Amino acid sequence: MKLDEFAFVNLQLAGMLKSGLPLEGALRQLCTSLDRGDLKAELTALETDLAKGTPLRDAVSPRSLPEFYKQMLVLGAQANDLPGVLLLLADYYQRLDALWTRLRGLLVYPLIVLITATGLSVALSFLLDAISGAILSDSFASEFWGGVSPTSHAWYALRYLPTVALCCLTVAVFATIGLPTLRRKLRWRLPGFREAAISQLAAGFAMLLRGGCPLGESLALLRELEQGSPVAGELKTWGERLASGQGELRELSTGSHVFPPLFMALASESGSDLAKGFSRVADTFQARAAARAEALLYSALPVTALALGIIIVLQLTPVFHMLIRTMDSLGGSN
Numbered sequence: 004m005k006l007d008e009f010a011f012v013n014l015q016l017a018g019m020l021k022s023g024l025p026l027e028g029a030l031r032q033l034c035t036s037l038d039r040g041d042l043k044a045e046l047t048a049l050e051t052d053l054a055k056g057t058p059l060r061d062a063v064s065p066r067s068l069p070e071f072y073k074q075m076l077v078l079g080a081q082a083n084d085l086p087g088v089l090l091l092l093a094d095y096y097q098r099l100d101a102l103w104t105r106l107r108g109l110l111v112y113p114l115i116v117l118i119t120a121t122g123l124s125v126a127l128s129f130l131l132d133a134i135s136g137a138i139l140s141d142s143f144a145s146e147f148w149g150g151v152s153p154t155s156h157a158w159y160a161l162r163y164l165p166t167v168a169l170c171c172l173t174v175a176v177f178a179t180i181g182l183p184t185l186r187r188k189l190r191w192r193l194p195g196f197r198e199a200a201i202s203q204l205a206a207g208f209a210m211l212l213r214g215g216c217p218l219g220e221s222l223a224l225l226r227e228l229e230q231g232s233p234v235a236g237e238l239k240t241w242g243e244r245l246a247s248g249q250g251e252l253r254e255l256s257t258g259s260h261v262f263p264p265l266f267m268a269l270a271s272e273s274g275s276d277l278a279k280g281f282s283r284v285a286d287t288f289q290a291r292a293a294a295r296a297e298a299l300l301y302s303a304l305p306v307t308a309l310a311l312g313i314i315i316v317l318q319l320t321p322v323f324h325m326l327i328r329t330m331d332s333l334g335g336s337n
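Numbering of the sequence shown is given in our numbering, commencing with residue 4 and proceeding in unit increments.
Written out as structure tokens, the structure is:
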């Protein structure tokens, strides 16, 4: 589902609840204004279960909605402040949409260049094979080229190297995009995406704590959501330390290899008000992710253009070498 649409739906739902509508009535009215799609189907099913008298926890559990979202709905209902929690969720998903839209935009240009370069490289390989085949079909050129040293033959064969490398790189990129587990691991290591992941995690902490969820339960929930990423083990360690009686955030995060010192400094700055501290972390790292994305985008433009030029030169050089040597030999024979 689209995050911006999801945020707007939660904003509308909060307004309806504040006006006095019950949750099932608000969902029914909201679904009439939504276009067909997975979100409408899930909310309609949720409204149907609630209308039958099913408790919210049981009604929302089987729904194909984000796990974090379902937990927050239950917390909001328990605290008797569902409209307030929905407003927090709307702000949270708006933040995520703005952040990840910017980062996806960063990938568009390099991805276009990569696909174009791969296609061009494959086309050049076929074209250069045809040209070299035409040259070697000449009896004299074929006789001359057969007597050339193995080193020259090896150099000529290098014309395939850029094509093979680009094809492998393209497959690796699309595998990363298509495999959630690999994508989850890489987003904690790549510049820009790492700051965005930290901002998202901190925003999740802030929302859970504001919704009345204890720190221990917040750690457990976010650890489940981050399964398969480097931060999952870190959050597990935090939970174990908290259970052993270490209550200070700096104590929980001692020896952290995932979170930078700035994360701990900002989160601990507000003392016992951890929700406020994590909000500062989220804002700071969101700004850093945006700045890093801008810097990477502006550097990616000239670098990708230069890389494309180098690839073309690498592919053309061996064939031109063969042409020059053949022409020299033909000139010498005359």
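We put the CB at the ideal spot given by N, CA and C, even for glycine. Since the structure is predicted, the reported quantities are computational estimates derived from the model, not experimental observations.
Distance CB(residue i)-CB(residue j) smaller than 8 Å
i, j, result
"Phe9", "Tyr96", "yes"
"Val261", "Val284", "no"
"Leu59", "Leu78", "no"
"Glu45", "Leu68", "yes"
"Thr121", "Thr173", "yes"
"Ser128", "Thr166", "yes"
"Lys3", "Ser273", "The requested residue 3 is not part of the displayed model; the chain covers only 4 to 337."
"Leu110", "Ala17", "no"
"Arg31", "Ala48", "no"
"Leu255", "Leu265", "no"
"Gly231", "Thr184", "yes"
"Pro113", "Ala303", "yes"
"Ala80", "Leu14", "no"
"Glu251", "Glu70", "no"
"Ala223", "Ala292", "no"
"Leu117", "Val176", "yes"
"Leu225", "Leu238", "yes"
Boundaries of the alpha helix (DSSP H) in which residue i is found, first to last residue
i, result
"Phe9", "Leu6 to Lys21"
"Tyr72", "Glu70 to Gln81"
"Phe177", "Leu164 to Gly181"
"Glu50", "Asp41 to Ala54"
"Gly233", "The sequence as given places Pro at residue 233; Gly does not occur at that position. Segment Pro233 to Ala246, the alpha helix (DSSP H) holding Pro233."
"Glu251", "Glu251 -> no alpha helix (DSSP H), and no H or E assigned at all."
DSSP-derived helix/strand/coil call for residue i
i, result
"Arg197", "helix"
"Val63", "helix"
"Asp38", "coil"
"Leu222", "helix"
"Leu265", "helix"
"Pro217", "coil"
"Trp191", "coil"
"Asp100", "helix"
"Gly207", "helix"
"Ala144", "Low confidence applies to Ala144: its pLDDT is 48, below 50, so where it sits in the model is not reliable enough to give any reading."
"Thr57", "coil"
"Ser124", "helix"
"Ser275", "coil"
"Glu229", "coil"
"Pro25", "coil"
"Asp84", "coil"
"Ser202", "helix"
"Ser259", "coil"
"Thr320", "helix"
"Pro153", "Note that Pro153 has pLDDT 48, beneath the 50 cutoff, so the model's placement of it is unreliable and the number below is only indicative. Correct three-state label for Pro153: helix."
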